[in-house]
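Here the structure comes first, spelled out in structure tokens, and everything after it is commentary.
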Amino acid sequence: MDEALQLARAQFGLNIAFHILFPTLTISLAWFLFIFRVLYQRNREPAWLATYQLWVKIFALTFAMGVVTGIVMSFQFGTNWPGFMKKVGAIAGPLLGYEVLTAFFLEATFLGIMLFGMNRVPDWVHITSAFLVAAGTSLSAFWILALNSWMQTPAGHVLDGNQYIAADWFAVIFNPSFPYRFVHMMCASAITGSFAVAGLSAWRLLKAPGDMGARRTMRVGILFAAFFAPVQAFVGDQHGLNTLEHQPAKVAAMEGLWETQKGIPLVLFAIPNERTRRNDYSIEIPKLSSLILTHSLDGEVKGLNDFKDNPPVGPVFYAFRVMVGMGMIMIALAWLGAWVTRRAKLAPVWALWTFAGFTFAGWIATLAGWIVTEMGRQPWLVTGLLLTKDAVGDISGAQLGASLTAYVLTYSGMLVAYMIVLTHMAGKGARVAEKEVAQAGAALVPGAAK
Amino acid sequence: MDMPLIFMVLMGVSVLAYVVLDGYDLGVGMLMPAATNEEQSVMVSSIGPFWDANETWLVLGVGILLIAFPAASGIVLGALYLPVVAMLVGLMLRGVAFEFRMKALGWHRDLWNWLFWAGSFLASFCQGVMLGSYITGFERSFFNYMFNVVVGASVCGGYVLLGSTWLIGKTEGDLQKKAVLWARWGLLWVALGVALVSIATPLISATVRGKWFDFPSTLALMLLPAASLAAWIWVWRGVGRFRKGHAVHDWQPFAGVVAIFSISFLGLAYSLFPYVVIDRLTIWEAAAHPSALKVTLIGALIVLPFIVGYTIVAYRVFGGKAKAGLYD
């Protein structure tokens, strides 16, 4: 039973970790594409068309990866966690249902028009499709994060017999942590997408320095990152305060704080020891965490030893440092990038290499963030309402082990292929079809437009 | 208002929509090795704008199972665990292979083509195995496993038939002639499969036997097999007229196959009703809390007309014959 629980968790954890990579990119890429498309519409410059055509392909590939891994997730709710739907299905079910009905169909259907419909529909329909896809991906995130936030900080529910039902849907959806989590995730997507756009454009510029489109998109990516990365630091801080209020055990694990005390230090590095319940090799800045968390140098924060259940400290502690560290690096890099590309000339080669190297940097921070928030909720599946071990199904360890192997193999193959194809496509750049250029040219000449 | 019944109908409609829509693109995937490189591009173009949305119906179907019948979802998906995993791996492989193959050249393209085919085949076969296992209440015996394999093969045949008649509608020239030939084979395959499954199901399941051999209602029920036979003959003759070069509407065979699938689906629904897990759990026993059903139904009733509407728009935008090279 315990083995099955661990395997079921490993499998689901692997799946959501793999899945989240792709929506994180598509949510912001969809808006980037909408912007590129509108810019092309306004000035009819072939460079914007080329940009759109390249990125729409990257978007389609990323979207497909998200769709197929998302389908796996929807099945795993039933296969791995039957107790989840039994206990809180009356709340989780409708939220998932609304996601499929209002968002998933919308994005999947208009994606076809957005991808292949440029010459088949009037411009306004094509632009509207790009908008609907972007709106759909964001709406999708809205519903999923409403559910996830409710699992973290449940509200608006009542117990009816042996299951929880919604007493107030507004309170369920806009539960205490939802606004923070949603904005935090949207910023994470914006930063991840910005770095991907900047990084792949930088890669393109290393191959073909004269590519006007890549020069612009690199600048667009850097500017968005330079704006959103610091915003994210602020949002993350606010989110942390909210977590301290509603899930103090999670914060204690993030801080590596064992004993309740006043004036807690900021632990830069340590090895949390679950056995001795203290930190080994700790490097600290005195009182700083109290200042951040309570806005007072002597503020008291509750330690892990004062909670009946606490999450596994190690993963939450390390992942939190990875997330914050990556965030800091990305802020510095984005501002540096904005400085060196401030004039319309080509960025220096070292900057191109750096950004190309950081193409998937956002993924690392996002994954680390999800580990903090999801592992930090353990041992609860729904905080205070449902323990993870009470939701697991009775699939045998052998079946779980076999399927876990199948998933690991499939996912690693897909991920490697994805990254290779993306780099290859970006290196090659977009080939603007000749008739498109002719059309674009015609549109530039007054009177020659169709 | 009998909400569990409404959701049973909604789930049935989603699953049927999925079977028909993703069925044709899975079928096209399975037919890929039978075509030349040039033809493969056209085939892929014919499903490119649609397959993402087609697969969404599967998410809706399993979503309704989770939302409306949570007690059954654990039993069904737990019992079908391995075929579900295999199907998901198949769907993942074909989904990404579809995108990758358009961007690859040389042996890379061959590899993705092969994965596209293998994934389509694996997903289709597993769906059949799941269906077979579901009909017989997840019994584990040698005959049941054989039965599941036969249903798996039949579903593959059904999807190949859907795919080939889809191609008759979407293509012209040599590829269309090939599709006509494939459709003939598909029809024979499906006829054999349906016959085998129809004989085996009452033998294996007493519940189904009781429902179908209950005179005199049996006589009225025979309308269903009669109707599907009529549809089958209609498709067979339509395809035959294509072969001889007579004028036939391009979409007649596809429409006929959709009719065959719908009638079979109706028969299946009759066999299983009112169970959601046969002999174990009725739709009322498995139903979710009324509050969850109500709030979901309100959303579904408001949104589904829009979904149907813009789906039709998408099919109209990409109507007409498919051409090679989607992005050009």
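Chains U and C supply the protein sequences, listed in that same order.
Using the working numbering, read the first sequence as starting at 1033 and increasing by one per residue.
Using the working numbering, read the second sequence as starting at 471 and increasing by one per residue.
The beta carbon of each residue, even a glycine, is placed where N, CA and C say it ideally should be.
As the structure is a computational prediction, the values presented were derived from the model and not from experiment.
Contact belief for residue i with residue j at Cβ below 8 Å, rounded distance in angstroms
{"i": "residue 1440 of chain U", "j": "residue 1046 of chain U", "result": "7 Å"}
{"i": "residue 1429 of chain U", "j": "residue 1036 of chain U", "result": "5 Å"}
{"i": "residue 1181 of chain U", "j": "residue 1210 of chain U", "result": "4 Å"}
{"i": "residue 485 of chain C", "j": "residue 531 of chain C", "result": "5 Å"}
{"i": "residue 748 of chain C", "j": "residue 607 of chain C", "result": "4 Å"}
{"i": "residue 753 of chain C", "j": "residue 539 of chain C", "result": "7 Å"}
{"i": "residue 1148 of chain U", "j": "residue 519 of chain C", "result": "5 Å"}
{"i": "residue 762 of chain C", "j": "residue 1126 of chain U", "result": "6 Å"}
{"i": "residue 516 of chain C", "j": "residue 637 of chain C", "result": "7 Å"}
Contact check, residue i vs residue j, beta carbons under 9 Å
{"i": "residue 633 of chain C", "j": "residue 498 of chain C", "result": "yes"}
{"i": "residue 1055 of chain U", "j": "residue 1221 of chain U", "result": "yes"}
{"i": "residue 564 of chain C", "j": "residue 589 of chain C", "result": "yes"}
{"i": "residue 1236 of chain U", "j": "residue 1459 of chain U", "result": "yes"}
{"i": "residue 541 of chain C", "j": "residue 1119 of chain U", "result": "no"}
{"i": "residue 1427 of chain U", "j": "residue 1101 of chain U", "result": "no"}
{"i": "residue 487 of chain C", "j": "residue 527 of chain C", "result": "yes"}
{"i": "residue 650 of chain C", "j": "residue 712 of chain C", "result": "yes"}
{"i": "residue 627 of chain C", "j": "residue 656 of chain C", "result": "yes"}
{"i": "residue 1198 of chain U", "j": "residue 566 of chain C", "result": "no"}
{"i": "residue 604 of chain C", "j": "residue 681 of chain C", "result": "no"}
{"i": "residue 1397 of chain U", "j": "residue 1254 of chain U", "result": "no"}
{"i": "residue 1137 of chain U", "j": "residue 781 of chain C", "result": "yes"}
{"i": "residue 1316 of chain U", "j": "residue 1298 of chain U", "result": "yes"}
Coarse secondary structure for residue i, derived from DSSP in three states
{"i": "residue 473 of chain C", "result": "helix"}
{"i": "residue 1317 of chain U", "result": "strand"}
{"i": "residue 1164 of chain U", "result": "helix"}
{"i": "residue 1412 of chain U", "result": "strand"}
{"i": "residue 1333 of chain U", "result": "strand"}
{"i": "residue 1379 of chain U", "result": "coil"}
{"i": "residue 1390 of chain U", "result": "coil"}
{"i": "residue 1312 of chain U", "result": "strand"}
{"i": "residue 753 of chain C", "result": "helix"}
{"i": "residue 1305 of chain U", "result": "strand"}
{"i": "residue 1269 of chain U", "result": "helix"}
{"i": "residue 716 of chain C", "result": "coil"}
{"i": "residue 1419 of chain U", "result": "strand"}
{"i": "residue 1294 of chain U", "result": "strand"}
{"i": "residue 1195 of chain U", "result": "strand"}
{"i": "residue 759 of chain C", "result": "coil"}
Contact set for residue i: own chain, Cβ-Cβ below 6 Å, skip 5 residues either direction
{"i": "residue 1281 of chain U", "result": "1339 and 1342"}
{"i": "residue 1271 of chain U", "result": "1212 and 1216"}
{"i": "residue 1214 of chain U", "result": "1177"}
{"i": "residue 1394 of chain U", "result": "1223, 1224 and 1227"}
Contacts around residue i, its chain only, beta-carbon distance under 7 Å, and the 5 residues preceding and following it disregarded
{"i": "residue 1131 of chain U", "result": "1172, 1175 and 1176"}
{"i": "residue 1064 of chain U", "result": "1087, 1225 and 1229"}
{"i": "residue 643 of chain C", "result": "none"}
{"i": "residue 579 of chain C", "result": "571"}
{"i": "residue 1162 of chain U", "result": "1065, 1066, 1069 and 1146"}
{"i": "residue 1153 of chain U", "result": "1145"}
{"i": "residue 1200 of chain U", "result": "1188"}
{"i": "residue 1265 of chain U", "result": "1359 and 1363"}
{"i": "residue 1042 of chain U", "result": "1436"}
{"i": "residue 586 of chain C", "result": "499, 502, 564, 567, 568 and 571"}
{"i": "residue 1097 of chain U", "result": "1054, 1446 and 1450"}
Short CB-CB distance (under 9 Å) between residue i and chain C
{"i": "residue 1052 of chain U", "result": "no"}
{"i": "residue 1089 of chain U", "result": "yes"}
{"i": "residue 1037 of chain U", "result": "no"}
{"i": "residue 974 of chain U", "result": "In the structure as shown, chain U begins at 1033 and stops at 1482. Residue 974 of chain U is therefore absent and cannot be evaluated."}
{"i": "residue 1451 of chain U", "result": "no"}
{"i": "residue 1201 of chain U", "result": "yes"}
{"i": "residue 1206 of chain U", "result": "no"}
Any C-beta of chain U under 9 Å from that of residue i
{"i": "residue 528 of chain C", "result": "yes"}
{"i": "residue 569 of chain C", "result": "yes"}
{"i": "residue 502 of chain C", "result": "no"}
{"i": "residue 519 of chain C", "result": "yes"}
{"i": "residue 536 of chain C", "result": "yes"}
{"i": "residue 476 of chain C", "result": "no"}
{"i": "residue 551 of chain C", "result": "yes"}
{"i": "residue 525 of chain C", "result": "yes"}
{"i": "residue 498 of chain C", "result": "no"}
{"i": "residue 573 of chain C", "result": "yes"}
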